[in-house]
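Just below is one structure, and these are the notes that go with it.
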Amino acid sequence: MKMSVRRFISKQIKQTFPNNALHTYCKIQTLSNIRLLSSTTASNHKKRNVFRVLDGTISKTSAINNNNANFEKLSKLHEQFSKVASAGGGKKAIERHTIKQKKMLVTERLKHLLDDDADFLELSMFAGLQMEYGDIPRAGIITGIGKVHGKWCLVVANDATVKGGTVYPITLQKQLRAQEIAEQNHLPTVYVIESGGAFLPLQSQIFNDGGRTFYNEAVMSSQGIPQIAIVCGNCTAGGAYVPTMADEAVMIHKKGYIFLGGPPLVQAATGEIVTAEDLGGATLHCSVSGCTDYFAEDEAEALELGRDIIATLNITMNDNTTTISEEPLYDPGELPGLVNTDNQMDIYKVISRITDGSRFHEFKTKFGDTLVTGFAHVHGQLVGVVASNGELTEPAADKGAHFVQMCGERSIPLVFLQNTDGEDSTVTNGLKNGDKLRAQAKLMSVVSTSPVPKITFIVGNGVGPVSYIMGGKAVSPHFLFCWPNAMIGLTEPQVVAQEICASKESLSTEDQAKIYEKCNKESTAFYGASRMWNDGIVLPQDTRQVLRQCLSITRAYRPIQPVQAPVIRM
Ligand code: COA
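Shown next as structure tokens:
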């Protein structure tokens with residue numbers, strides 16, 4: 000009988016491979032093939048960078064020249080502000096401080112304290128300029144973050160050339176914001192103090208939040224955030240509490256003084272004549288009262304002792320080495336040319352000048368495209384980018400909420416590139432209105448409660464309630480900077496001016512023009528920077544560099560906080 004071909008083959012195989020050996024053989028072959036296959040795909044995948052290169056090309060048009068010309072004016076304004084801020088209390092006060100009193104200027108003290116003052120991230124440099132009560136350079140205090148013995152520390156340093164380092168209302172706000180940043184980032188805080196306490200003519204504006212600085216010292220200390228003080232000059236009244244509240248304090252012989260009221264005040268009140276040394280000098284406080292702990296012969300030694308204290312802290316920073324990173328393919332110097340005078344810009348071209356290799360892995364490209372979301376690296380650190388690209392519509396807000404949750408789950412810092420307009424009040428459809436509002440509320444909720452660092456740059460407009468949602472001050476960002484072109488306010492300044500003019504009868508054209516001018520001025524980045532609405536103005540071309548520092552600082556002492564909720568698709 001003729002055997003079928005199939006059975007014949009089967010018989011042959013069974014003879015060659017008894018006891019299911021064929022099956023095993025095939026399995027091994029298949030597995031090794033899979034392994035082989037997977038190893039080749041893996042190596043191919045390794046070669047392939049999943050972060051795609053963005054197209055950042057621009058052609059040199061007259062529009063770009065106009066934009067650059069506009070930024071030139073803004074850069075000049077930036078320079079002017081920097082000059083006034085750096086001038087301290089003026090020539091006379093500086094001479095008195097350095098020549099008569101033989102003390103270091105605050106900037107010199109920082110040079111002694113920090114490993115490298117070039118790596119110092121100064122905060123709120125323009126705070127205090129053009130205030131109703133005059134120009135208070137740097138608000139009389141330098142705040143910022145720098146490394147001491149390789150550890151990021153927050154520094155708060157009075158400038159005694161500005162009215163004896165007294166505390167104006169804006170000084171207090173600047174000091175409190177610096178402490179907030181220290182607390183959020185777990186940064187050891189060093190107070191380099193020389194302050195006459197409250198600036199008395201404005202005491203009524205200081206009293207309310209006045210003691211908050213001392214409260215913050217106690218709270219931070221209880222959270223394991225070291226509080227260190229170096230007394231470099233007179234510390235009177237409120238100024239006396241900062242070192243006394245610190246964990247450890249250094250004091251300089253015959254330069255540093257701590258008293259509730261100085262000798263002239265004591266004499267006026269009691270008629271008693273007492274020397275500053277006896278009332279509150281370093282010998283008294285280091286050997287009798289115990290208000291301070293380390294006695295230094297001079298300023299250089301005091302600042303060295305401050306460094307020693309940081310070296311002895313039982314804290315370690317998370318691995319802060321930057322992984323090898325690529326520079327962007329497109330020149331960050333071209334960023335100003337991308338922004339027109341109405342603050343419109345192609346946000347992809349902006350991103351391509353900030354991220355490593357101009358690479359970006361976009362999330363939900365085709366959905367809610369007025370918000371751009373995606374992953375990128377900046378100096379080797381993975382970040383989640385949330386960037387305005389028009390009106391925050393319902394799908395855009397839903398997409399944002401989904402993305403922000405994912406970054407929270409994965410412990411990826413968020414970088415907001417904010418450019419928001421006032422809300423569109425022409426929407427007449429109630430349902431559409433409600434849906435959009437509901438979606439925006441979801442985004443606000445997840446941004447507010449996200450456990451990861453939020454670093455915000457207002458690159459265009461920071462206008463309307465959406466500006467709060469997009470990493471604005473209301474959601475406690477770890478850092479918030481503005482480009483000099485930024486326009487900030489509850490709504491567009493023209494709208495505010497229109498409303499004000501409409502509410503007043505028979506205004507002359509001249510008065511109307513003044514109102515428009517005032518509203519425009521009050522919505523500028525510079526006006527906001529003077530009043531602590533942000534942590535500083537950053538030139539567009541410096542964004543990547545500042546972001547590198549912020550990411551390094553936020554990573555330094557950050558514990559990974561596991562999120563107990565799933566990512567909810569919106
Ligand atoms: N409020 C307002 N202005 C003050 C001030 C205060 N608390 N303390 C000092 N100033 C001003 C001075 O009037 C002076 O202004 P001027 O340069 O325009 O003349 C400037 O700050 C520098 O003060 P001066 O006393 O000349 O310098 P100094 O180095 O010898 O002493 C202080 C500085 C702060 C130690 C000393 O002025 C002092 O003890 N002030 C009183 C502090 C006080 O009582 N604070 C109470 C706060 S509740």
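The opening residue of the sequence shown carries number 0 in numbering that gives the first Met the number 0; numbering runs sequentially from there.
Cβ coordinates follow ideal geometry from the N, Cα and C atoms, glycine included.
All values reported here derive from a predicted model rather than from experimental measurement.
What residue range does the alpha helix (DSSP H) around residue i cover?
i, result
"Gly433", "Gly429 to Thr448"
"Ser221", "Arg211 to Ser221"
"Cys518", "Thr508 to Glu521"
"Val545", "Thr542 to Ala555"
"Ala181", "Pro168 to Asn184"
"Ala485", "Premise fails: Ala485 is in no alpha helix (DSSP H) and is neither H nor E."
"Val241", "Gly237 to Met244"
"Ala92", "Lys90 to Glu94"
"Val265", "Pro262 to Thr269"
"Gly279", "Ala275 to Gly279"
Under 8 Å, do residue i and residue j count as touching if we go by C-beta distance?
i, j, result
"Thr392", "His376", "no"
"Met124", "Ser194", "no"
"Asp246", "Ser221", "no"
"Ala156", "Val105", "yes"
"Gln404", "Val445", "yes"
"Val495", "Cys518", "yes"
"Cys152", "Pro187", "yes"
"Phe415", "Phe362", "no"
"Leu334", "Gly356", "no"
"Lys146", "Leu199", "no"
"Gly196", "Pro136", "no"
"Val537", "Phe456", "yes"
"Leu109", "Val161", "no"
"Asp420", "Gly463", "yes"
"Val384", "Ile411", "no"
"Asn342", "Asn432", "no"
"Thr274", "His284", "no"
"Pro168", "Leu201", "yes"
"Asn460", "Met443", "no"
"Tyr347", "Leu122", "no"
"Val249", "Gly305", "yes"
"Thr542", "Pro262", "no"
"Leu76", "Pro483", "yes"
So, is residue i buried or exposed, given that buried needs 16 or more other C-beta atoms within 10 angstroms?
i, result
"Glu516", "exposed"
"Val287", "exposed"
"Leu171", "buried"
"Arg358", "buried"
"Pro558", "exposed"
"Pro565", "exposed"
"Asn317", "exposed"
"Val4", "Residue placement at Val4 is flagged as unreliable, the pLDDT there being 44, under the threshold of 50; a coordinate-derived value is accordingly withheld."
"Cys25", "For Cys25, the predicted structure reports a pLDDT of 37, less than 50, and the residue's modelled location is therefore unreliable. The matter cannot be settled from this model."
"Ile257", "buried"
"Glu216", "buried"
"Ile272", "exposed"
"His148", "exposed"
"Gln100", "exposed"
"Arg176", "buried"
"Thr553", "buried"
"Ala555", "buried"
"Phe366", "exposed"
"Leu550", "buried"
"Ser529", "buried"
Would you kindly report the start and end of the unbroken beta strand (DSSP E) that includes residue i?
i, result
"Glu193", "Thr188 to Ser194"
"Val371", "Leu370 to Val377"
"Met250", "Glu247 to Ile251"
"Ala310", "Premise fails: Ala310 lies in the alpha helix (DSSP H), Glu298 to Ala310, not in any beta strand (DSSP E)."
"Ile455", "In the sequence as displayed, the identity of residue 455 is Thr instead of Ile. Its beta strand (DSSP E) spans residues Lys453 to Val462."
Spell out the partners DSSP gives residue i in its beta bridges.
i, result
"Ser387", "Leu370"
"Thr142", "Leu122 and Val155"
"Asn533", "None, per the DSSP bridge assignment."
"Val52", "Arg358"
"Val147", "Lys150"
"Ala197", "Val166"
"Met130", "Gly133"
"Tyr293", "Val249"
"Leu113", "Answer is none; Leu113 lacks a bridge partner."
For the ligand COA, list every residue whose C-beta falls under 5 Å from any of its heavy atoms, going in chain order.
Lys162, Gly163, Thr165, Gly195, Gly196, Ala197, Phe198, Leu199, Asn233, Thr235, Ala236 and Gly261
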